[in-house]
Structure formats: C-alpha cells, structure tokens
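Each remark here refers to the structure printed beneath this line.
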Amino acid sequence: MTNVLNEWAFIGVFFLLAPLLPSLPIAIAALISPRKPNAIKQATYECGLETVGDTWVQFKVQYYVFGLIFLVFDVEMVFLFPWALAYQQLDFFAFAAGLLFIFLLTDALFYAWGKNALEWS
Amino acid sequence: MVFGSFTPEAFAFGFFTILTLGGAYGVAMNTNLVRGAVWLIVSLFGVAGFLALLSAGFLAAVQVLVYIGAIGILFTFAVMLTRSMTNVNQRFNQQWWISLLVSALLFILLIVGVIIPVWGNQSPADMSPTIANTTDLGVALVTGGGFVLPFEVASLLLTAAIIGAILIAREDEE
Chain A
1 MTNVLNEWAF IGVFFLLAPL LPSLPIAIAA LISPRKPNAI KQATYECGLE TVGDTWVQFK
61 VQYYVFGLIF LVFDVEMVFL FPWALAYQQL DFFAFAAGLL FIFLLTDALF YAWGKNALEW
121 S
Chain B
1001 MVFGSFTPEA FAFGFFTILT LGGAYGVAMN TNLVRGAVWL IVSLFGVAGF LALLSAGFLA
1061 AVQVLVYIGA IGILFTFAVM LTRSMTNVNQ RFNQQWWISL LVSALLFILL IVGVIIPVWG
1121 NQSPADMSPT IANTTDLGVA LVTGGGFVLP FEVASLLLTA AIIGAILIAR EDEE
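Protein chains in written order, with my numbering: chain A, 1 to 121; chain B, 1001 to 1174.
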C-alpha cells in the first residue's frame, strides 16, 4: 500500500510546488515593494483596459459546440492511450483496428468542418 | 486500510474525502452557478485521488483529463450560457424533497450493499491472478479475441455524438 503512495509522491510534490511558484513572487512583491497608491494605480487591471459593465455576461452558444467536440476527442484520447501503450505488442490487425478507430472519428471532424461548426461566426 | 494507526494512506484518504465531500457541499450550497461548477471540479479531483489510492492510475488520469478537463469545462460553458447564473437567490427549488428521497435511498443502498459486507474485513481483497495494467488494457481493446468490436462501436458512438451536437446546437442558423 505504501508503494502506491510512493508512485504518486512526485505528483504530490508537484501539487505542493505548483501553488508555491506563482505565489512566491506575489508575496515578495507585497513585502518589499514601495506603496504610493493613487486612483489610477488602484484601478481594476484586465489586459490593460478597464472593464466596462458587468463581467458576468451571457456567453455565445458556439463555445458550447467547441466544448462538446473537444469532449468527444478527449474521450477518443482515453481509448487511444492504452492502444498506444501496447503498440509494441500488437500485430497488424490490432494496429489496423486502432487506425479504423481514428478514421471513424476523423470522419466526424470532417463532418464538423463541412457543417462550418469550426468557423467562428 | 487500517484506521487504528495513522498511516500516510489514511491521511491521503482523509484528505481526498474532505475534497470530495467539501466540493459536493459547495456545489449544493452555492447560489452562484459558476462557483458551483468550480466546486464540482474540486469534488471530481477528490474522486481522482481515490482512484489513485486504489492503484487505478489510468482511471485517475482519465478522471482528471475527461471529467475535470472536459466535463467540468462543459458545465462551466453551460452555466455561462444561462442568463441567470448569478441571480439564483433560492438555494432549494420545489423538488428538493424528491432529491432528498433519492439520495437517502442511494445512501442506504450503498451502506447495505457495499459498506456493510466489507466493513471490519481488514485483509486486503484478493487481486486477480492476472494483474492488468494499462498496456494489457490496450492489448485487450484491439486484439481479435478481446474487445475490438466494442472498441470500434465506441468510435461510431463518438462520431454520432459529434453529429448530434452539431445538429442540435447549430439548428437555428441554417
């Protein structure tokens, strides 16, 4: 059971380090930077422009289509990952089965392309 | 897992339990739907931790990639498409007692069917003689004697999902 944790230990270290790396410069800046606030410096900063209106706006439906297509190809990746891992042990038939899988989904990509679902309107 | 002694596994189990249950609590109690979606991602991450603790590394990766990476984002998109995402001021709707009933029944089912039979059984469950890893899964998925037909049918199903999504979502523009 301890082996299980050892296998994942480096990911655990990563999860400890990942928040540390961005928060360290922020903390250092907060500690040592001089403070002379004025109205312009205190303004909300987003990509150089001050935000206009409410930021909780309704988004375009098209984002959802992109999300759905992404989800399908994400699930495809789940199926193809074991296939790619076992690649060395596979005969030609098994290799072709994986190719057929990719081909069927490429079809779907061409369908989406043909229906202009990939265009931003 | 021995709960009597404080092992690292018990600590990890407790940590992921807090993540899963706390995230679920956040989903149920937040009146801002976007924040609810983010809490859902926290909860799903806790489940990924459970899968990692059960030595199901591939499933843990799938949980993070598909459930957090795709379904969590899809939930967020769906919430952002609704107009009243921040104007929800009622925590419970009219059907709260139905969900209470269903959740209670499911909880009892899990207690009776899963937890009581294994509770107190300290010896680890017997592993199958052929210990399968992700490579074995890959071989089984594409070889003739394995699951090659369901594998290809899954591809067709995903294709159908894309066609359906495009047909439904872009109906209004054509």
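Glycine residues also receive a C-beta, built at the ideal position from the N, C-alpha and C atoms.
DSSP three-state assignment for residue i, whether helix, strand or coil
{"i": "Thr1031 (chain B)", "result": "coil"}
{"i": "Ser1055 (chain B)", "result": "coil"}
{"i": "Ala86 (chain A)", "result": "coil"}
{"i": "Val1002 (chain B)", "result": "Because Val1002 (chain B) carries a pLDDT of 49, less than 50, the predicted location of this residue cannot be relied on, and no value is offered for it."}
{"i": "Trp120 (chain A)", "result": "coil"}
{"i": "Ser1103 (chain B)", "result": "helix"}
{"i": "Gly1145 (chain B)", "result": "coil"}
{"i": "Phe1151 (chain B)", "result": "helix"}
{"i": "Gly1022 (chain B)", "result": "helix"}
{"i": "Met1 (chain A)", "result": "Because the pLDDT at Met1 (chain A) is just 48, under 50, the model does not fix this residue reliably, and the point stays unresolved."}
{"i": "Pro34 (chain A)", "result": "coil"}
Rounded separation between residue i and residue j - CA only
{"i": "Asn1030 (chain B)", "j": "Leu1110 (chain B)", "result": "26 Å"}
{"i": "Leu1074 (chain B)", "j": "Lys36 (chain A)", "result": "43 Å"}
{"i": "Gly1022 (chain B)", "j": "Phe1015 (chain B)", "result": "10 Å"}
{"i": "Thr1159 (chain B)", "j": "Leu1167 (chain B)", "result": "12 Å"}
{"i": "Phe105 (chain A)", "j": "Gln58 (chain A)", "result": "The residue asked about is misnamed: residue 105 (chain A) is Leu in this sequence, not Phe. Cα to Cα, Leu105 (chain A) sits roughly 31 Å from Gln58 (chain A)."}
{"i": "Val75 (chain A)", "j": "Gly1120 (chain B)", "result": "38 Å"}
{"i": "Gly1146 (chain B)", "j": "Thr44 (chain A)", "result": "58 Å"}
{"i": "Phe110 (chain A)", "j": "Ala117 (chain A)", "result": "10 Å"}
{"i": "Ile1108 (chain B)", "j": "Leu1051 (chain B)", "result": "23 Å"}
{"i": "Ala1060 (chain B)", "j": "Val1114 (chain B)", "result": "21 Å"}
{"i": "Gly114 (chain A)", "j": "Lys41 (chain A)", "result": "49 Å"}
{"i": "Leu1044 (chain B)", "j": "Leu1065 (chain B)", "result": "11 Å"}
{"i": "Tyr1067 (chain B)", "j": "Ala1037 (chain B)", "result": "12 Å"}
{"i": "Asn38 (chain A)", "j": "Phe1006 (chain B)", "result": "53 Å"}
{"i": "Pro78 (chain A)", "j": "Leu1157 (chain B)", "result": "Note that residue 78 (chain A) is Val in the sequence shown, not Pro. Rounded to whole angstroms, Val78 (chain A) to Leu1157 (chain B) spans 14 Å at the Cα level."}
{"i": "Ala1104 (chain B)", "j": "Trp1096 (chain B)", "result": "12 Å"}
{"i": "Val1102 (chain B)", "j": "Phe66 (chain A)", "result": "34 Å"}
{"i": "Val1148 (chain B)", "j": "Phe73 (chain A)", "result": "19 Å"}
Contact under 7 Å by Cβ, residue i with residue j
{"i": "Leu1040 (chain B)", "j": "Val1027 (chain B)", "result": "yes"}
{"i": "Ile1162 (chain B)", "j": "Ile26 (chain A)", "result": "no"}
{"i": "Ala97 (chain A)", "j": "Gly1138 (chain B)", "result": "no"}
{"i": "Val1042 (chain B)", "j": "Gln1063 (chain B)", "result": "no"}
{"i": "Phe1077 (chain B)", "j": "Tyr64 (chain A)", "result": "yes"}
{"i": "Ser1155 (chain B)", "j": "Phe14 (chain A)", "result": "no"}
{"i": "Ala94 (chain A)", "j": "Thr1143 (chain B)", "result": "yes"}
{"i": "Leu71 (chain A)", "j": "Ala1070 (chain B)", "result": "yes"}
{"i": "Leu1054 (chain B)", "j": "Pro82 (chain A)", "result": "no"}
{"i": "Thr1134 (chain B)", "j": "Phe1011 (chain B)", "result": "no"}
heavy atom of the ligand NAP below 6 Å from residue i C-beta
{"i": "Thr1135 (chain B)", "result": "This structure lacks the ligand NAP, and indeed carries no ligand of any kind."}
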